[in-house]
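A short write-up of the structure that comes next.
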Amino acid sequence: MATFGKGNTRVNPPGNGKRTFHSEPGIALLGATGAGKSTFLGALQIALLQTDHDWTIWSRDPASRKALIEMNSALTSEGEFPLPTTGIDTFDWILSGRRERTERSGRLRTSSFEETIQLTLKLTDPSGELSRSDHIGLQPREQLVEHVAKSRGILYLFDPIREFNRGDAYDTTYSVLMDIMAAAADHQDFDGRLPHHVAVCVTKFDEPRVFKTAESLSMLTWDEHDPLGFPRVHESDARDLMHRLCALSRNGTGNIVPQLLERHFYPDRIKYFVTSSVGFMVNKRTRKFDPHDTENVYRIGSGESLVRGPVNPINVFEPIRWLIEQAALNAA
Amino acid sequence: MMGAEDEVRDALSDELARLTGNTTFTVVEFGSAGATIWRLYRDENGTPRAEQPRVRQSVLKDSDAFYREVNPVFIMRTAAVLPDNLFELLTAARGVPVYECRASLEAQVRKAITDSPLVLGYELAVLKEVPAGRPDAGRLILAGHPLFPPGVTQGYRTSVRVRCEPADGNGTVFAVVTRERRPDIPPSEQVLRPVHIHSAVVPADTYDVTAVLARPGRVLLEGLPAPLTKSCDSWDSLKRQVPERLAATEAVHLVCLIETCGGDDQVELRVDRLSQLIDEAAQRVSRLNVSVVAYGPHSVAWRVDERPVAVRAWAASGARAVQELRGLLGRGDDDREYLRAAQLECALETVARHLSAPDGRPVIVTAGRRPPHPPAMDTRSTIIPCPDRVNWKWQVDKIASLGASFGALRDQDARGEIWRMLGGDAMATVDDPVDMPDFAARLGLRTATQTVLFPFVD
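Top line first, the protein sequences correspond to chains A and B. Its first residue numbered 89, the first sequence is counted upward by one per residue in this note's numbering. Its first residue numbered 22, the second sequence is counted upward by one per residue in this note's numbering.
As structure tokens, this is what we get:
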């Protein structure tokens, strides 16, 4: 019997103040074609290297390892984007790290210990086309629905530029949600809402229209310790930014996408992030962020898109970490 | 051992060297068919000439009359068997040298004339203005510019830079002259005598001409963009057409901005159209300066090197500008270049920075397709901004404030405000035939009212 939105978790008992946490919180990616799902995964390794923590990502599975290397190399060596997924790719990547954890050990006592985390990320990267309603009933679509349903967390990538140009986010999201709901309805724990944690990523933060919208709403914040001077949109503003960007949707339905998600998932299990897999353009002369030239992508004659400067992912690891933390909390 | 041909050549050279003023000398060939007599003299330019004088048959049968009237400096025998009368003349040679040769005397004479040194210097007929501060300042004087000094021989070459003004339909006159050198007459008033007069229909421009002495009486002029043909007008008529003064003319500075991206075929079209415009302008404007500014795509990625705007020529001649335009062909595009815009704003900034009034009234003609980069992020066009944040509108305004005219030779699909502004006075598409006289006229490149036949040496 399928386990919906729960994954598998195993916690070893503490010893010498340390304990090891093993988890397989399957994470599925959802998003339209061109939303940047594969690029998001390709940027994950770089994002990990740029965090202060000792996180590493690796894989035992040869196919998953090959995909990890290829996605990463495309971005870093040639400035190219990973090839779009044509069916469904599932990667078994292992995320290793350490974290400080505090737990209550009695009515009045708490104890702290360092926890070694080893998480098997079952990442499902489907082709964006599978989200379209004309794929309902087809075998790959059924497979996608099964993968998403089994996952503990969902990375939902919302591409505001696609929404501006095509405006199909509502239709594709609604269609997939209906299938997942149908698959979950038979489960004994089903109470009318899907149990997954959902990290909604508003992508392409570096694109001028996204950046300018955030700027005009005074949502930009700066970390004075950031060596490149990149701004960010705080998570508390991310939903409002998405709402504002959705208002520019080509067919006017984009602005109800957040409501659609919050109606079918528990709203307290949804968190919004404003992301860019490649980050902002870094000025070649000053080696700093330039608020007058933010986009880090351009298109060449062949139609291919290339990265302009160094890749400095923004909010790529953070949504995954949040999903992992939610899985750990549930397991504790 | 010296052969008979060498002796004949030396004898001819010696006699030519002694030939001065109105003197002549005669040489004779005795052959199986009879006698051939050549009389050599120098024309008014000092050029050796040879002619066959008419001699009565009776003279060729009477040795006294022959040696008295013909009086040859030598006789050349080219046949073993001679007619009787020539044989008798030969036996009565009376000390006149007789050489036995196979080559014809005519060939020997031609060779000797070709190899002979100039006895008068050759000059190019040019116009000069009387310098400011002198009486008659600005008056035009037909003068000689030295090409070859006396004593030089065939193959000698020299260079001269000439400036051609707009001429009439027969073109600019290139006349090689000698000067009657008389100590009692100032050089400026010494009479110029034409050696030969040619003309070429060339655009008003400055040319570096190389003069090569082919032989006395024949000078080749190399370096002109059109062939020289023999002039139809007489020397006196040409001299009469020299204007008293140059009419006051406006200097024009034609600045050609050319986009070098978009493929070789498209760049070649732009080069062709701009070259046609330069030629058209050169025929209309006497004081024309031409600049060529080439621009391509900005590098928007770290991995692609920036190729900055290039000033290929500034306030140069039309010929140099065309040459620089041709040099832009075959450069090719970078597979990774940004396609949506070009460095047009930086090219305009370069022009605005370089323009100066002494170069002439600016006429800015742009050949290209892509729009400029905006000075800042533009969420409407989403074109990546200029790395130097140059504002193309400010640059156009700055250039316009200098009284510039604007013409655009745009690609078929070039659109937008920028091309409307750059084509404010004249607009055409490079893909279609361009009525270049009309295009030039709309830019204020008007036909000169005064024509000047002779070149200037500044």
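Every residue, glycine too, gets a C-beta built ideally from N, C-alpha and C. Here the structure is a predicted model, which is why all the values come from computation and not from measurement.
Helix, strand or coil for residue i per DSSP?
i	result
residue 310 of chain B	strand
residue 282 of chain B	coil
residue 219 of chain B	strand
residue 272 of chain A	helix
residue 144 of chain B	strand
residue 367 of chain B	helix
residue 210 of chain A	strand
residue 460 of chain B	helix
residue 178 of chain A	strand
residue 455 of chain B	coil
residue 334 of chain B	strand
residue 91 of chain A	Any reading at residue 91 of chain A must be qualified, since the residue scores a pLDDT of 46, below 50, and its modelled position is unreliable; no value is offered.
Below 8 angstroms on the Cβ atoms is my guess for residue i versus residue j; work out the distance and round it to an integer in Å.
i	j	result
residue 296 of chain A	residue 191 of chain A	With a Cβ gap of about 46 angstroms, residue 296 of chain A and residue 191 of chain A do not count as contacting.
residue 372 of chain B	residue 314 of chain B	6 angstroms
residue 151 of chain B	residue 166 of chain B	Incorrect: roughly 16 angstroms between the Cβ atoms, too far for contact.
residue 290 of chain A	residue 363 of chain A	7 angstroms
residue 377 of chain B	residue 343 of chain B	Rounded, the Cβ-Cβ distance is 23 angstroms, inconsistent with contact.
residue 100 of chain B	residue 52 of chain B	5 angstroms
residue 287 of chain A	residue 181 of chain A	With a Cβ gap of about 16 angstroms, residue 287 of chain A and residue 181 of chain A do not count as contacting.
residue 390 of chain B	residue 265 of chain B	In fact, because the Cβ distance is near 49 angstroms, the residues do not count as touching under 8 angstroms.
Quick one: is residue i near chain A, going by C-beta distance under 8 angstroms?
i	result
residue 360 of chain B	yes
residue 406 of chain B	yes
residue 189 of chain B	no
residue 10 of chain B	The shown model of chain B, from 22 to 479, leaves out residue 10 of chain B, and the question about it has no answer.
residue 342 of chain B	no
residue 356 of chain B	yes
residue 363 of chain B	no
residue 266 of chain B	no
residue 435 of chain B	no
residue 281 of chain B	no
residue 449 of chain B	no
residue 328 of chain B	no
residue 352 of chain B	no
residue 397 of chain B	yes
residue 410 of chain B	yes
Can you tell me where the beta strand (DSSP E) holding residue i begins and where it ends?
i	result
residue 163 of chain B	161 to 169
residue 479 of chain B	Taken as a continuous stretch (DSSP letters only), residue 479 of chain B belongs to no beta strand (DSSP E), as it is neither H nor E.
residue 298 of chain A	Segment 296 to 304 is the alpha helix (DSSP H) holding residue 298 of chain A; no beta strand (DSSP E) there.
residue 332 of chain A	Element bounds for residue 332 of chain A: not the beta strand (DSSP E) but the alpha helix (DSSP H), 323 to 334.
residue 285 of chain A	285 to 290
residue 235 of chain B	226 to 236
residue 361 of chain A	358 to 362
residue 100 of chain B	Neither: residue 100 of chain B is in no beta strand (DSSP E) and is coded neither H nor E.
residue 61 of chain B	55 to 63
Please check if any C-beta of chain B sits within less than 8 angstroms of the C-beta of residue i.
i	result
residue 167 of chain A	yes
residue 383 of chain A	yes
residue 401 of chain A	no
residue 380 of chain A	yes
residue 397 of chain A	yes
residue 292 of chain A	no
residue 297 of chain A	yes
residue 134 of chain A	no
residue 163 of chain A	no
residue 394 of chain A	yes
residue 389 of chain A	yes
Following the continuous alpha helix (DSSP H) through residue i, name the residue where it begins and the one where it ends.
i	result
residue 425 of chain B	No alpha helix (DSSP H) contains residue 425 of chain B, which DSSP labels as neither H nor E.
residue 125 of chain A	125 to 130
residue 69 of chain B	Careful: residue 69 of chain B lies outside any alpha helix (DSSP H), inside the beta strand (DSSP E) at 69 to 72.
residue 152 of chain B	Residue 152 of chain B -> no alpha helix (DSSP H), and no H or E assigned at all.
residue 159 of chain A	150 to 165
residue 259 of chain B	256 to 261
residue 448 of chain B	Note, residue 448 of chain B: premise wrong, no alpha helix (DSSP H); beta strand (DSSP E) at 447 to 450.
residue 29 of chain B	25 to 39
residue 443 of chain B	438 to 443
residue 252 of chain A	248 to 253
residue 44 of chain B	Counting along the chain, residue 44 of chain B falls outside any alpha helix (DSSP H), and DSSP gives it neither H nor E.
At 8 angstroms on the CB atoms, spell out the chain E contacts of residue i, in chain order.
i	result
residue 130 of chain A	No chain E is part of this structure, whose protein chains are labelled A and B.
Ordered list of beta strand (DSSP E) runs contained in the segment 384 to 420 of chain A, each at least 3 residues: 385 to 387, 393 to 395
Continuous alpha helix (DSSP H) assignments of at least 4 residues falling wholly in the segment 363 to 415 of chain B: Whole alpha helix (DSSP H) segments, 4+ residues: 365 to 375.
Sequence ranges, beta strand (DSSP E) only - wholly within the segment 337 to 382 of chain A, length at least 3: 358 to 362
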